[in-house]
Amino acid sequence: MQDSIGIPACFSSSEKPSDDHGATVTRSGQSVYMSVYRTKIADQCRLITITWCKNLLLHGLSVSVEGPEGETQHSCKVELKPWYFWRKQGSKRFIVDGKTVDIFWDLKNAKFHGETEPTSEYYVAVVCGQEVVLLLGDLKKDAYRRTGCRPALIDPILVSRKEHIFGKRKFSTRAKFHEKGRCHEITIECKNKGNGDGNSLNGVQPEMEIRFDGHLVIHVKHLQWKFRGNESIHLNKMRVEFWVSGGT
-11 MQDSIGIPAC FSSSEKPSDD HGATVTRSGQ SVYMSVYRTK IADQCRLITI
39 TWCKNLLLHG LSVSVEGPEG ETQHSCKVEL KPWYFWRKQG SKRFIVDGKT
89 VDIFWDLKNA KFHGETEPTS EYYVAVVCGQ EVVLLLGDLK KDAYRRTGCR
139 PALIDPILVS RKEHIFGKRK FSTRAKFHEK GRCHEITIEC KNKGNGDGNS
189 LNGVQPEMEI RFDGHLVIHV KHLQWKFRGN ESIHLNKMRV EFWVSGGT
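Quick note on the working numbering: the sequence shown kicks off at -11 and runs consecutively.
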């Protein structure tokens, strides 16, 4: 078993934004969806991490740009609180190796439909050198009009995606593992199975099933309190890794 994944937190502990980019998700009930892209910024190929967070009250967004020697030194965090309308649209600027990098976002009409990442009516744009080096969302025309910049000559490359979810019994989602690939239905279900062998409480043994497009790909038996582990599968020649834990 490998170590657990560290995922940047989107929410600050107070009204003042936090710059603790490396903090792991520890708050109960918080789900995270993180995508890592590689593109050219300040004359070098760098990683941009887009992290969406959701808890019982609000959504959050974090955009981090890789600095020198692979360090994440520049970030922008947005907490989408219902009573702060102005925070749902804005921009932030910072300097990376002497070059100006601007982050633009418009989330005022974003549709989440219960998901951690918005599904429509939004954009998040990263601009450097008068080029939009990364653009997410369906409002692309609005993004180009607001930034006043052209698309970059080099398309960003999706390096990895990680999703950290909290659930009680059953969770379903749809995900793409390639920008031009199709969506896959992913279902994670925890259930109690009676075995009558006397080795579990009241003859009931908890277990977990993970299905891709209706096909069972991972079956974890004999779940214990504070269980933790990881498992990998291959889907269309791509490696998909699952990290699971419970009762923490």
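Where a beta carbon is used, it is the ideal one built from N, C-alpha and C, also for glycine.
Keep in mind the model is a prediction, meaning the values are calculated, not measured.
Go through its chain and collect everything with a Cβ distance to residue i's Cβ below 7 Å, but skip five positions before and after it.
i      : result
Arg227 : Ser220
Gly55  : Gln61, His62 and Val84
Could you compute how far the alpha carbon of residue i sits from the alpha carbon of residue j?
i       : j      : result
Glu109  : Ile36  : 22 Å
Lys129  : Ser23  : 22 Å
Asp(-9) : Glu229 : Annotation note: pLDDT 39 at Asp(-9) (below 50); position unreliable, coordinate value reported separately. Using only the alpha carbons, I get a separation of about 13 Å.
Cys178  : Glu197 : 7 Å
Cys137  : Arg81  : 15 Å
Val114  : Lys209 : 44 Å
Val89   : Phe215 : 42 Å
Leu122  : Lys69  : 25 Å
Asn43   : Thr135 : 30 Å
Glu119  : Leu49  : 22 Å
Phe100  : His47  : 9 Å
Ser79   : Asp143 : 22 Å
His203  : Ile176 : 11 Å
Ala131  : Trp231 : 35 Å
Val66   : Asn224 : 35 Å
Ile145  : Val53  : 14 Å
How is the alpha helix (DSSP H) around residue i delimited, first residue to last?
i      : result
Asp130 : Lys128 to Thr135
With respect to the beta strand (DSSP E) encompassing residue i, which residues constitute its N-terminal and C-terminal limits?
i      : result
Glu119 : Glu119 to Gly125
Ala163 : Lys158 to Ala163
Thr107 : Counting along the chain, Thr107 falls outside any beta strand (DSSP E), and DSSP gives it neither H nor E.
Ile83  : Gln77 to Val84
Asp201 : Premise fails: Asp201 is in no beta strand (DSSP E) and is neither H nor E.
Assuming residue i contacts residue j under a Cβ cut-off of 8 Å, what Cβ separation, rounded to an integer in Å, is found between them?
i      : j      : result
Glu105 : Tyr21  : 5 Å
Ile91  : Val51  : 5 Å
Thr39  : Ala140 : Their Cβ separation, rounded to whole angstroms, is 22 Å, which puts Thr39 and Ala140 out of contact at 8 Å.
Quick one: is residue i near chain D, going by C-beta distance under 8 Å?
i      : result
Leu123 : Although the question refers to chain D, the structure presented lacks it and comprises just one protein chain.
Excluding sequence positions up to five away, which residues of its chain have a Cβ less than 6 Å from the Cβ of residue i?
i      : result
Cys171 : Arg162 and Lys164
Pro194 : Asn180 and Leu211
Gln77  : Asp94 and Lys96
Ile153 : Ser19 and Phe159
Ile206 : Ile198 and Glu219
Leu124 : Val112
Ser147 : According to the sequence shown, residue 147 is Val rather than Ser. So the list reads Val24 and Arg26, once near-sequence residues are dropped.
Cys64  : Val51, Lys80 and Ile91
For residue i, I'd like the list of residues in its chain whose CB is within less than 8 Å of its CB, leaving aside the five on either flank, ordered along the chain.
i      : result
His222 : Val228
Glu151 : Ser19, Val20, Tyr21, Met22, Thr104, Thr161 and Ala163
Asp126 : Ser108, Glu109, Tyr110 and Tyr111
Ile174 : Ser160, Thr161, Arg162, Ala163, Ile198, Arg199 and Phe200
Lys87  : Ile29, Ala30, Asp31, Cys116 and Gly117
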